[in-house]
Every structure is written in C-alpha cells, then in structure tokens.
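As structure tokens, the structure follows; a few thoughts come after it.
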Amino acid sequence: MRIGDLARETGVSRRLLRYYEEQGLLRPARLANGYRVYAPAHVEAVRRIRALLGAGLPTAVIALVLECVREEGERLVPSACPGMVGHLRRERGRVAAAIEELQGRQRALDALLDAARRGSGGERAEA
Numbered sequence: 001m002r003i004g005d006l007a008r009e010t011g012v013s014r015r016l017l018r019y020y021e022e023q024g025l026l027r028p029a030r031l032a033n034g035y036r037v038y039a040p041a042h043v044e045a046v047r048r049i050r051a052l053l054g055a056g057l058p059t060a061v062i063a064l065v066l067e068c069v070r071e072e073g074e075r076l077v078p079s080a081c082p083g084m085v086g087h088l089r090r091e092r093g094r095v096a097a098a099i100e101e102l103q104g105r106q107r108a109l110d111a112l113l114d115a116a117r118r119g120s121g122g123e124r125a126e127a
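Numbering (my numbering), first residue to last: 1 to 127.
Structure follows, in structure tokens:
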C-alpha cells in the first residue's frame with residue numbers, strides 16, 4: 001500500500017507518517033521511482049506508535065521498544081526484550097517528576113488564588 005492508503009487506514013496524516021520514518025519508527029520499502037510501499041504490518045506498527053506516544057514516550061524511546069510490544073485487542077502487551085523495562089521505568093520516572101513539578105505549580109497558584117479571594121493587598125480581585 002502507498003502512504004495515502006496507510007494514512008486512510010490509520011487516521012494518521014502523511015506528514016506524520018513521513019516523520020515516523022525519519023525517526024526510524026517505520027521502514028517502508030521504496031519503489032524504483034522513490035515511492036514508499038507499506039506492508040499490512042505497518043498498520044499495526046502505526047497503532048503501536050500512537051499508543052506509545054499516548055503513554056508519553058518520546059520517539060527515541062519508541063524506536064527502542066516498538067518491536068517489544070504487540071497489540072492484543074485494545075491494549076499493548078510487552079514481549080521480553082532486553083532493556084525494555086529499564087526504558088519504561090526511566091520514562092515513568094520522568095513523567096512522575098513532571099507531575100510533581102506541575103503539582104507544585106498548582107499549589108503555588110492555589111495559594112495566590114486563595115490570597116486574592118481573601119483580598120490581600122487591599123484590593124479585591126475578580127473571581
């Protein structure tokens with residue numbers, strides 16, 4: 001199938017499919033005229049890429065673990081691949097740190113809003 005067919009089948013734009021190829025996530029065959037040719041397996045690969053992106057993994061990590069997961073219905077199931085668990089743990093730690101940072105920002109904003117509601121500074125702020 002050609003890139004337009006894969007785009008229609010997966011709901012992913014041609015531009016994004018070319019980006020996935022640039023990142024090493026997809027490796028279509030090339031015809032003599034340079035056109036990309038995708039196999040039916042690329043449809044599943046794009047779905048796995050989208051799921052891993054949805055989990056917050058950057059494309060560099062997806063490139064390392066993409067072949068280590070398979071689809072079972074609506075969910076991804078990991079296979080035993082060396083290093084995969086370590087990659088996932090590092091990414092989970094990165095996400096946890098980002099959440100912690102955002103929660104700190106949220107607490108700071110809550111404190112500012114609370115002070116504004118109490119009318120600190122002599123002015124009553126709008127709600």
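Think of the CB as a built atom: it goes at the ideal place given N, C-alpha and C, for glycine as much as any other residue.
Computed from a predicted structure; not experimentally measured.
Cutoff 8 Å; reference residue i; Cβ partners in own chain excluding five residues on either side
i   : result
R30 : R36 and V37
Bridge-paired residues (DSSP) for residue i
i   : result
V85 : Per DSSP, none; premise fails for V85.
L76 : E71
Close beta carbons around residue i, own chain, < 6 Å, minus the five adjacent residues each side
i   : result
V46 : T10 and V12
R8  : none
M1  : Y38
Closer than 8 Å to chain C by CB, residue i
i   : result
P28 : Looking at the structure shown, chain C is missing, and only one protein chain is on hand.
Whole-number beta carbon distance between residue j and residue i, since they are thought to touch under 8 Å
i   : j   : result
S79 : R92 : Not a contact, Cβ separation roughly 19 Å.
Cβ-Cβ distance between residue i and residue j below 8 Å
i   : j   : result
H87 : L64 : yes
L76 : A51 : yes
V95 : G56 : yes
Backbone CA spacing between residue i and residue j [nearest angstrom]
i    : j   : result
I62  : Q23 : 9 Å
G4   : R18 : 11 Å
P58  : G34 : 28 Å
E72  : L66 : 14 Å
E44  : E74 : 11 Å
L102 : I49 : 26 Å
L16  : L6  : 11 Å
Beta-carbon contacts of residue i that lie in its chain and below 7 Å, excluding the five residues immediately before and after
i   : result
A60 : none
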